[in-house]
Each structure stands twice: as C-alpha cells, then as structure tokens.
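Q: I'd like to ask some things about the structure below.
Residue numbers (this note's numbering): 207 to 327.
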C-alpha cells in the first residue's frame with residue numbers, strides 16, 4: 207500500500223522544479239488511509255497511485271494518569287528554514303508512527319535543562 211500511497215510535504219516554493227528537490231520533504235511510503243486513526247486522505251482514481259492530499263498537522267497523546275508528560279509529533283520539523291537541521295527532522299518519525307516526549311512538569315524540565323555559556327575569548 208505504501209508504494210502507491212505516498213506522502214510528500216509540498217512547500218509553496220517547491221511546487222516547481224528544481225525547487226521541489228530543495229524545499230519539499232519526502233516522498234515517504236505512507237501506511238495511512240481515509241478510514242483509520244492514521245488518517246491520510248487521498249482521492250480515488252484510475253491511475254493506481256494515491257498521493258496523500260490531507261492529513262493531521264499534529265499528533266498529540268496525553269496519558270490522563272500522568273498529564274504532565276505527553277507524546278507529540280509534527281509532520282516535518284519545527285523550523286521553516288530549509289537549511290536548519292530541524293526543517294524535516296520529525297518527518298520520518300511522523301510517517302512511521304513514532305513520537306517525541308513533551309515534558310511540561312516544571313521539576314522534570316528543570317532537572318533536564320542545561321545552559322552552557324561559552325565566551326568567544
């Protein structure tokens with residue numbers, strides 16, 4: 207299914223060649239479909255290829271037994287700068303059903319936080 211159901215995150219500048227190779231993220235084989243939790247909408251057609259046309263902008267899971275820790279993932283990355291390492295660093299995780307932990311408990315955040323100052327001289 208993933209070979210004919212393909213997800214490409216198309217950037218507005220990436221709609222034309224050669225910019226598609228620079229700005230677009232993907233293609234990825236996508237296991238989602240119209241009638242499942244991993245809803246990745248597509249149009250039925252006679253070509254036998256069903257590119258993803260719509261999908262979630264965010265997946266967010268909260269364990270109500272411990273609401274201070276959440277699981278989250280976004281389709282591409284947090285940066286809009288295509289030269290940033292965070293432009294597409296969540297894309298593979300997104301399409302394979304993986305998540306990142308989002309900690310909001312102040313004590314846990316403080317425990318895991320490190321600020322390192324490195325003067326130039």
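We put the beta carbon where it would ideally sit given N, CA and C, even for glycine. Please read all numbers here as calculations on a predicted model, not as lab measurements.
Given that a residue counts as buried once 16 or more other Cβ atoms are within 10 Å of its Cβ, and exposed if not, what is residue 255?
A: Position 49 of the chain shown, counting from 1, holds the residue named residue 255. Exposed, because fewer than 16 other Cβ atoms sit within 10 Å of the Cβ of residue 255.
Q: Taking 9 Å as the threshold (C-beta atoms), are residue 233 and residue 264 in contact?
A: Numbered from its first residue, the chain shown carries residue 264 at position 58. Numbered from its first residue, the chain shown carries residue 233 at position 27. Contact flag unset, no.
Q: Applying the 10 Å Cβ sphere with the 16-neighbour rule, what's the burial state of residue 231?
A: Along the chain shown, read from residue 1 onward, the residue named residue 231 stands at position 25. Counting Cβ neighbours within 10 Å, residue 231 comes out buried, since at least 16 surround it.
Q: Between residue 277 and residue 253, what straight-line distance do the alpha-carbon atoms span, to the nearest angstrom?
A: Residue numbering aside, residue 277 sits at position 71 when the chain shown is read from its first letter. Residue numbering aside, residue 253 sits at position 47 when the chain shown is read from its first letter. Approximately 37 Å, taken between the alpha carbons.
Q: Could you tell me which residues DSSP pairs with residue 215 in its beta bridges?
A: Position 9 of the chain shown, counting from 1, holds the residue named residue 215. Its beta-bridge partners are 231.
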